[in-house]
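Residue numbers (my numbering), protein chains in the order written: chain A, 1 to 348; chain B, 349 to 669. We put the CB at the ideal spot given by N, CA and C, even for glycine. One structure is given here, and the rest of the page talks about it.
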């Protein structure tokens, strides 16, 4: 249980403070991530959940500074890695962190590998980028890495090309690449979405195993709450570019506070219930181009919405032990300057 | 791969037979024959001409004539050039080195220009530099080669005196000496530049667009996530992928390398295959003309085969087992 009981007296590995990331659309910037703050402690697995278009991927690309150049841009806030602000580092300095201290695996294993280079070359590249060793040593390292991610005939596979491997194998290669320099943090952006169910479970087991063996922290982005329950320590629930709830995994599943989280949980199909139609959340995530200026961004889809939800923007407030949520149902989520309105609302 | 190559080479045979019929028919459709071009009718007994026609087989039925020609052809007898009174094969082979030299030089110029401009444009699209390169490219593409050649001769040969205005070598230098080779290089540069600049545009713009397209691919993001410097990503990861479609062009270029440039060679009076081709038409030198056309057809087919084999080398996904 030590991993699930975060140590408090330690500088966090990663601190994201009020991160704002925008995209340029027709000359104007629209924020896809709006003031996100959270921490990742060493050896911790943090899950990030939310529907498509909630800014989960954009947030992770912002941490790595991998936003499409010229289109996406960090517009405010800080990303501190081991106390150092990395959100304003030059590309060159960032290159010495990417792949070494923080690495990333992506959703689409089919297209994430370069089709014209051998598997071996692509794994060796990350090693040679960060370590001064010979190509021969790098080749030996890549063979043993492939073995460690459970690839059979690793000494043959290094000579092969990505198209000769299946999706699950390619994702294993991506993982081998990501852990080659023993990073302190791995960002996994929906690593199992494109894979079939049995392979998904294998990949998750592999990630969990590596995390324990290498003392690595993981940010796991997913829209599969089952995955979160299985391996995460802490969970962030994102909606429309903001964090709406954050809690330890047990607390969140036993005691979801935000109506959005609650609805997400209800949408999970359950083995013990025989239902004809799965629960869904009506409507769509608002697009970045017409995000409401004030009020709760979920209010137009929320079954518990009150008139104040349209006018008062909730903030993350404590709703339990290690548990924060941004919903006006809870007193701590009311901003200080709007407290009087709340009293007015409850009296009426 | 060997098996595949042999199969492809065998597959060329029916194609070449069809081409030979077309070439032969076209040659026969042209008015006149080699005798009407060669012999002054005011000065020679018409009966003798008629006798010669009979003797040379010009009065035989067409299928018989075709059969005679093609049997000789497959045995390596390409006929005798009626103008040079020597085997057509020898006449052609004499011109091949010049044309090959010009072709390779122009291809090198094209490649250097296209890779420099295409890689710059692809990396910095929609910038001033990219637009300037596109502008230059389209101007080079739009100016016909005969106009470009005439202007090049006027400015660089007559006004500036940098290059000779024609021929392939200085007549005063000794064959085989260092001066001789330098003189040949000096003569070939201007036509090669005109020829090379013409095909640069398509290479450059093709490379540019492919680099832009590839730079948005997921594998580029992966490479960035590994901490690979952006320069290496462009010069290795993206370029290696963007070379693949350029191989198609290389297939066409291969035939053009030998085929020469009819217009450019003629304007520069550069004695190569292109000029020989035009001369054979005007002199009704059908054996040479037909041999040349067959040679070029074969080279086009061979060029396609080479391009297909090269695909396998540059793209592991279509590598032949």
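Interface flag, residue i vs chain B, CB-CB below 8 Å
i, result
"residue 214 of chain A", "no"
"residue 177 of chain A", "yes"
"residue 111 of chain A", "yes"
"residue 292 of chain A", "no"
"residue 124 of chain A", "no"
"residue 115 of chain A", "yes"
"residue 5 of chain A", "Residue placement at residue 5 of chain A cannot be trusted, given a pLDDT of 46 that sits under 50; what the coordinates show is reported in the next sentence. Chain B contact via Cβ: absent."
"residue 340 of chain A", "no"
"residue 31 of chain A", "no"
"residue 129 of chain A", "yes"
"residue 190 of chain A", "no"
"residue 108 of chain A", "yes"
"residue 348 of chain A", "Unreliable positioning characterises residue 348 of chain A in this predicted model, as indicated by a pLDDT of 44, which lies under 50. The coordinate reading is nonetheless provided below. Closer than 8 Å: no."
"residue 13 of chain A", "no"
Residue i (DSSP reduced to helix, strand or coil)
i, result
"residue 468 of chain B", "helix"
"residue 246 of chain A", "strand"
"residue 335 of chain A", "coil"
"residue 511 of chain B", "coil"
"residue 407 of chain B", "coil"
"residue 161 of chain A", "coil"
"residue 234 of chain A", "strand"
"residue 368 of chain B", "helix"
"residue 474 of chain B", "coil"
"residue 69 of chain A", "coil"
"residue 597 of chain B", "helix"
"residue 39 of chain A", "strand"
"residue 348 of chain A", "Low local confidence applies: a pLDDT of 44 at residue 348 of chain A is under 50, so the model's placement there is unreliable, and no value is given."
"residue 200 of chain A", "helix"
"residue 85 of chain A", "strand"
"residue 330 of chain A", "coil"
"residue 618 of chain B", "coil"
"residue 28 of chain A", "strand"
"residue 399 of chain B", "helix"
"residue 255 of chain A", "coil"
"residue 126 of chain A", "helix"
"residue 552 of chain B", "helix"
"residue 577 of chain B", "coil"
"residue 273 of chain A", "coil"
"residue 564 of chain B", "coil"
Below-8 Å beta-carbon distance, residue i vs any chain A residue
i, result
"residue 355 of chain B", "no"
"residue 589 of chain B", "yes"
"residue 671 of chain B", "The structure shown does not extend to residue 671 of chain B, since chain B spans only 349 to 669, so no value can be given for it."
"residue 349 of chain B", "no"
According to DSSP, residues forming a beta bridge with residue i
i, result
"residue 139 of chain A", "Paired residues: none, contrary to the question."
"residue 21 of chain A", "A:33, A:74"
"residue 320 of chain A", "A:323"
"residue 104 of chain A", "A:187"
"residue 414 of chain A", "The displayed coordinates of chain A run from 1 to 348. Any statement about residue 414 of chain A would go beyond what the structure contains."
"residue 79 of chain A", "A:16"
"residue 435 of chain B", "B:428"
"residue 98 of chain A", "A:102"
"residue 239 of chain A", "A:242"
"residue 45 of chain A", "A:218"
Amino acids of chain D, ordered along the chain, whose beta-carbon sits closer than 8 Å to that of residue i
i, result
"residue 103 of chain A", "Checking the listed chains, one finds no chain D in this structure; the protein chains it contains are A and B."
* **Short-range partners of chain B found in the segment 78 to 101 of chain A, where Cβ spacing is below 9 Å** => 91, 92, 94, 95, 96, 97, 98, 99, 100
* Quick one, which residues of the segment 565 to 587 of chain B are near chain A if we go by CB-CB under 8 Å, in chain order? -> Residues passing the 8 Å Cβ filter: 565, 566, 567, 569, 570, 571, 572, 573, 574, 575, 576, 577, 578, 585.
* Against chain B: residues of the segment 51 to 69 of chain A by CB proximity under 7 Å -> 64, 66
* Cβ contact check for the segment 74 to 82 of chain A and the segment 151 to 171 of chain A: 3 or more pairs under 8 Å -> No contact exists between the segment 74 to 82 of chain A and the segment 151 to 171 of chain A.
* To do: Quick one: which residues of the segment 470 to 486 of chain B get their C-beta closer than 7 Å to a C-beta of chain A? List them in chain order.
  => none
* To do: Name, going along the chain, the residues of the segment 153 to 166 of chain A whose beta-carbon falls closer than 8 Å to a beta-carbon of chain B.
  => Contacts with chain B (Cβ-Cβ distance below 8 Å) from the segment 153 to 166 of chain A involve 161, 163, listed in chain order.
* Three or more C-beta pairs below 8 Å linking the segment 566 to 580 of chain B and the segment 474 to 481 of chain B -> no
* **Selection of the segment 251 to 266 of chain A by Cβ proximity to chain B, strictly under 7 Å** => none
* Asked: Going along the segment 15 to 30 of chain A in order, which residues come within less than 8 Å of chain B, judged by CB to CB distance?
  -> Listed by position, the residues of the segment 15 to 30 of chain A near chain B (Cβ gap below 8 Å) amount to none.
* Asked: Is the segment 526 to 535 of chain B touching the segment 486 to 503 of chain B, taking contact as three or more C-beta pairs under 8 Å?
  -> Touching, no.
* Decide if the segment 41 to 50 of chain A is in contact with the segment 297 to 307 of chain A; the criterion is three or more beta carbon pairs, one per stretch, under 8 Å apart. => no
* Mind the definition here: the segment 241 to 261 of chain A touches the segment 35 to 45 of chain A only if three or more C-beta pairs lie below 8 Å; say whether that holds. => yes
* Asked: Quick one: any contact between the segment 329 to 343 of chain A and the segment 604 to 616 of chain B, if contact means 3 or more CB pairs under 8 Å?
  -> Output reads no: the segment 604 to 616 of chain B does not touch the segment 329 to 343 of chain A.
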